[in-house]
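Chemist:
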Amino acid sequence: EAQVTQNPRYLITVTGKKLTVTCSQNMNHEYMSWYRQDPGLGLRQIYYSMNVEVTDKGDVPEGYKVSRKEKRNFPLILESPSPNQTSLYFCASSTTTGVSEKLFFGSGTQLSVL
Amino acid sequence: SQKIEQNSEALNIQEGKTATLTCNYTNYSPAYLQWYRQDPGRGPVFLLLIRENEKEKRKERLKVTFDTTLKQSLFHITASQPADSATYLCARGNYGQNFVFGPGTRLSVLP
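Here the protein sequences come in this chain order: W and E. Each residue of the first sequence is one higher than the last, beginning at 1 in my numbering. Each residue of the second sequence is one higher than the last, beginning at 1001 in my numbering.
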């Protein structure tokens, strides 16, 4: 089954404790992206990747890191989380061939930073 | 930079009526626009894609239009049902480039 898998689904942590949210897709997609969603602000893009070893900043990259060492994986790293990073996070992937570039989203990760 | 606007934060309509949601974009015309549905706490789900050279696209009770002169896409749900209640997101894309989402419109279909 084609899917984007994010882990964990829920995460509670404390300020300053490094964490990683994993994202994996099994569709051989080139494009992967991370979004955060906050009430009243909609989906805001954090980082995206057009292919392996190619990443770029989205609209709200401060406080986040990503890497794309393999095509299927695109982890989101918070080196020193702060309470303003409490949010619902989504990973998404898509092909970039131009045939049908719809995004497939993961189930989301609800992060709380205390 | 490219910006996507959706005209209403929330829209309430009566069951059986047609819901019409608007998406406007600024600057250059995207190669295509997409519409997604999102239920609370879940990831968005793709509904329809319309390319810049297409005027209209249909899928069951859904219809999308693309007007490059007005820089606008309209999303229609005909014969709306309470199960259609959700947030609908518009997104723009260009082949091989980044996706940008609008803020979404929360639709409530009242029985």
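All C-beta atoms in this analysis are idealised placements derived from N, C-alpha and C, irrespective of residue type, glycine included. Being a predicted model, the structure only gives us computed values, none of them experimental.
Does any CB atom of chain E fall closer than 7 Å to the CB of E53 of chain W?
Modeler: False, the Cβ-Cβ gap to chain E never drops below 7 Å.
Chemist: Opposite R1106 of chain E in the DSSP bridges: which residues?
Modeler: DSSP output for R1106 of chain E lists E:A1010 and E:T1087 as bridge partner(s).
Chemist: Output the distance between the C-alpha atoms of T1078 of chain E and S1029 of chain E, rounded to the nearest integer angstrom.
Modeler: Going by the C-alpha atoms only, they are around 27 Å apart.
Chemist: Would you mind reading off the limits of the beta strand (DSSP E) that contains G1076 of chain E?
Modeler: Before going on, a small fix: residue 1076 of chain E reads as His here, not Gly. Segment Q1072 to I1077, the beta strand (DSSP E) holding H1076 of chain E.
Chemist: List the residues of chain W that Q1034 of chain E touches, going by C-beta distances under 7 Å, in chain order.
Modeler: Those are K102, listed as they occur along chain W.
Chemist: For F90 of chain W, which beta-bridge partners are listed by DSSP?
Modeler: W:Y35.
Chemist: Would you say F74 of chain W lies against chain E (beta-carbon separation less than 7 Å)?
Modeler: Not one chain E Cβ lies under 7 Å of F74 of chain W.
Chemist: Got a sec: is the Cβ-Cβ distance from F1101 of chain E to anything in chain W below 7 Å?
Modeler: Yes, its Cβ sits closer than 7 Å to a Cβ of chain W.
Chemist: Looking at chain W, is there any beta carbon in it that lies within less than 7 Å of the beta carbon of F1066 of chain E?
Modeler: By this cut-off, F1066 of chain E is not an interface position.
Chemist: Please check the pair L1033 of chain E and L1047 of chain E, which I expect to be a contact at CB under 8 Å, by giving their CB distance rounded to whole angstroms.
Modeler: Contact doesn't hold; Cβ gap of about 11 Å is too wide.
Chemist: So which residues on chain W does P1044 of chain E lean against when the C-beta distance must stay under 7 Å?
Modeler: Near P1044 of chain E (Cβ distances below 7 Å), the residues of chain W are F105.
Chemist: Please state whether the Cβ-Cβ distance between F105 of chain W and G1043 of chain E is less than 7 Å.
Modeler: In contact: F105 of chain W and G1043 of chain E (Cβ atoms closer than 7 Å).
Chemist: Is P1040 of chain E buried or exposed, if buried means 16 or more other CB atoms sit within 10 Å of its CB?
Modeler: P1040 of chain E should be labelled exposed.
Chemist: Assess, as a yes-or-no matter, whether the segment 60 to 67 of chain W is touched by the segment 7 to 16 of chain W under the definition of 3 or more beta carbon pairs within less than 8 Å.
Modeler: Segments in contact, no.
Chemist: Give a yes or no on whether the minimum CB-CB distance between N1027 of chain E and chain W is below 7 Å.
Modeler: Not an interface residue.
Chemist: Using 10 angstroms around the beta-carbon of S33 of chain W, count the other beta-carbons present and answer buried if the total reaches 16, otherwise exposed.
Modeler: When all chains shown are included, S33 of chain W counts as buried.
Chemist: Between which residues of its own chain and K1059 of chain E is the CB-CB distance below 6 Å, once the five residues before and five after are set aside?
Modeler: L1048, listed in sequence order.
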